[in-house]
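Taking it in order: structure first as structure tokens, then the write-up.
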Amino acid sequence: MPWWIWLVLAAFWLAMLVIGCIYAIRKAIHAARLASALGNQVAKRAAVLQDHDDTEEATEPAIFTQPLQVASDRYAQAHAEVLRRKHNKHMRHVETWQQWEEFNN
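Heads up: the sequence shown begins at 81 in the working numbering, then just goes up one per residue.
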């Protein structure tokens, strides 16, 4: 090959190397800005979580320090609420099916 072809290839290689480095540096700077913004958002939300006032929750003692009847009553109330929600859901389904049956007849 003539010497000038090697010169063109070397210049092309050097140009691609420089362009690639510039591209990589620009992408790295952009990623650093995104990471910084994400870090700021996380820090703000973490600060809000740490500012949470626990005075209301701290007034009631832990459930394992209370009599067993208290835990039993809480469980019974929670289970009754679950059954109530299931019944309401069932009734909504029944009403919907009745509406569909009336619509189709």
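By construction, the Cβ of each residue, glycine as well, lies at the ideal position given by its N, Cα and C atoms.
Alpha-carbon spacing of residue i relative to residue j, whole angstroms
i: Arg172; j: Gln157; result: 23 Å
i: Pro82; j: Ile105; result: 35 Å
i: Gly119; j: Ile143; result: 37 Å
i: Glu175; j: Gln149; result: 39 Å
i: Arg154; j: Gln179; result: 38 Å
i: Ala126; j: His132; result: 10 Å
i: Lys107; j: Gly100; result: 11 Å
i: Leu163; j: Asn185; result: 33 Å
i: Thr139; j: His167; result: 34 Å
i: Pro141; j: Ala117; result: 40 Å
i: Gln121; j: Ala111; result: 15 Å
i: Ala91; j: Tyr103; result: 18 Å
Fully enclosed by the segment 81-160, which alpha helix (DSSP H) runs are 4 residues long or longer? 83-130 and 135-138
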